[in-house]
Each structure stands twice: as C-alpha cells, then as structure tokens.
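**Student:** Per the working numbering, the very first residue in the sequence shown carries number 2; after that it's consecutive.
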Amino acid sequence: MCALIVRSATPADVSHLAQLWYEKTVLLQQADPRVRMAENAHERWMAAACAWLEQPLVALLIADDDGEVAGYIVARVEPGPPGLLPEKRGVIADIAVDAHRYRPGVARRLVQAAQSWLAEQNVHEMLVNAPRRDAVAQAFWRSLGAREWMDGLWMKF
Numbered sequence: 002m003c004a005l006i007v008r009s010a011t012p013a014d015v016s017h018l019a020q021l022w023y024e025k026t027v028l029l030q031q032a033d034p035r036v037r038m039a040e041n042a043h044e045r046w047m048a049a050a051c052a053w054l055e056q057p058l059v060a061l062l063i064a065d066d067d068g069e070v071a072g073y074i075v076a077r078v079e080p081g082p083p084g085l086l087p088e089k090r091g092v093i094a095d096i097a098v099d100a101h102r103y104r105p106g107v108a109r110r111l112v113q114a115a116q117s118w119l120a121e122q123n124v125h126e127m128l129v130n131a132p133r134r135d136a137v138a139q140a141f142w143r144s145l146g147a148r149e150w151m152d153g154l155w156m157k158f
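#1: Expressed to the nearest angstrom, what Euclidean distance is found between the alpha-carbon atoms of ARG37 and ILE6?
#2: Can you tell me whether VAL78 is buried or exposed? The criterion is at least 16 other CB atoms within 10 Å of its CB, across all chains shown.
#3: Hey, how far is the Cα of ALA4 from the Cα of GLN30?
#4: Please report the distance separating the alpha-carbon of MET2 from that of TYR73.
#5: Please classify GLU1: does DSSP put it in a helix, a strand, or coil?
#6: May I ask you to report which of helix, strand or coil DSSP gives GLU55?
#7: Which residues in the same chain have their Cβ closer than 7 Å to the Cβ of GLU24, if we skip the five residues on either side of it in sequence?
#8: ALA76 and VAL92 - do their beta-carbons sit closer together than 9 Å?
#9: Consult DSSP for GLU121 and reduce its assignment to one of helix, strand or coil.
#10: Would LEU128 and ARG90 be called neighbours here (beta carbons separated by less than 9 Å)?
#11: Taking the alpha-carbon of LEU58 as reference, which of PHE141, MET151 and GLU121 has the nearest alpha-carbon?
#12: Looking at the secondary structure, which residues open and close the alpha helix (DSSP H) in which ARG90 lies?
#13: Taking 9 Å as the cut-off, decide whether the C-beta atoms of ALA64 and TRP118 are in contact.
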C-alpha cells in the first residue's frame, strides 16, 4: 500500500468513481428497500460528480493505488443553523472503497484527507450519516471518534 496516495479527483476519474458508487448503492438497495436508484442512476451520479469538481465548497477526493481507484470521499462545507455556532460545518456526503481488493487503511486515509481539506476551509467539525443497521460503518465511524448526535428519521408521504 506504499503507492497509495489521496488526491483530488479529476474528470478522468469520474467513470471509475461512478462504478464504486454503483456497487455500493446496489448493496445498500439490497439491505434497505427504501434505497431506490433512479433511471439512468449511473449517468446522473457522474454528472453530479463532474459538477462537484467545479464547486469550491466541495471536495471529491480519491485514493489512488498506482493508477487504480481504491476509494473516494465527498466532503462539503455547509452553513450551520442560523444563530448557532459554528457558522459552518463539514458534511461527509459519501464514501466508498473498492470491495474487490482489500487495501487496509484506505477509508481512514480518505477521512483524514477530508478532515485536512475541511480544516483548510476553517471547518473543524463534520457530520456523517451511517446506516443504523450497518455494523461495519457504525464501527468505522465510532473508531474515528464519531458520536451519536441526532436521530435521523425517514418519512414517506
């Protein structure tokens, strides 16, 4: 894993990232029927990722292992609630690693890079959503110091 670097994504990376996103989302869909992919989901995700590359308050970072995409993370800066501190906070919008080749530490390296990018934006806390029933995701985030804060609720109408 010595060759692994975390860097900003480029337009040339987007199709590889979209494949990781798709594989992760298929697994989420199998675990939770509320997760449903839109028509042309793959293409829509790629268009969104290309837009993120142009947004100064969004970082799309990838773990590059000798030219192979080992994972990605999407971090963004959002305003905090009016009248409360901090005035802005980080959000981890998405993270995925290549499940076909185990590379220890990839997800941690991605989170560290996202935290560094957020710190450069003068942001020093972040929110992340981890599925309640995904024990691996819960354990991963808790191992990094994440703690429960608010309950996310889902409602269909």
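Quick reminder that beta carbons are idealized off the backbone N, C-alpha and C, glycines included.
No experiment lies behind these values; they were computed from the predicted model shown.
**Tutor:** According to the structure data:
#1: Indexing the sequence shown from 1 puts residue 37 at position 36. Indexing the sequence shown from 1 puts residue 6 at position 5. So the alpha carbons of these two residues sit roughly 33 Å apart.
#2: In the sequence shown, counting from the first residue as 1, residue 78 sits at position 77. Result: buried.
#3: Residue 4 sits at position 3 when you count from the first residue of the sequence shown. Residue 30 sits at position 29 when you count from the first residue of the sequence shown. The straight-line gap from Cα to Cα measures roughly 33 Å.
#4: One-based indexing of the sequence shown puts residue 2 at position 1. One-based indexing of the sequence shown puts residue 73 at position 72. Low per-residue confidence applies at MET2: pLDDT is 45, beneath 50, and the placement is therefore not dependable, though the value from the model is reported in the following sentence. Near 16 Å, if we compare the C-alpha coordinates of TYR73 and MET2.
#5: Outside the modelled stretch of the chain, which goes from 2 to 158, sits residue 1, for which no answer is possible.
#6: As a working note, residue 55 is residue 54 in the sequence shown. Helix at GLU55.
#7: Within the sequence shown, numbered from 1, the residue matching residue 24 stands at position 23. Cβ within range, chain order: ALA100.
#8: For this step, residue 92 is matched to residue 91 along the sequence shown. For this step, residue 76 is matched to residue 75 along the sequence shown. In this structure, ALA76 lies closer than 9 Å to VAL92 by Cβ.
#9: Reading the sequence shown from its first residue, position 120 is the one you call residue 121. Residue state, collapsed to three classes: helix.
#10: Taking the first residue of the sequence shown as 1, we reach residue 128 at position 127. Taking the first residue of the sequence shown as 1, we reach residue 90 at position 89. Going by C-beta atoms, LEU128 is nearer than 9 Å to ARG90.
#11: The residue you call residue 58 lines up with position 57 of the sequence shown. Out of PHE141, MET151 and GLU121, GLU121 has the C-alpha closest to the C-alpha of LEU58.
#12: Working through the sequence shown from its first residue, we reach residue 90 at position 89. Unbroken run through ARG90 is the beta strand (DSSP E), 89-98; no alpha helix (DSSP H).
#13: By 1-based counting over the sequence shown, the position of residue 64 is 63. By 1-based counting over the sequence shown, the position of residue 118 is 117. No, they are not a contact pair.
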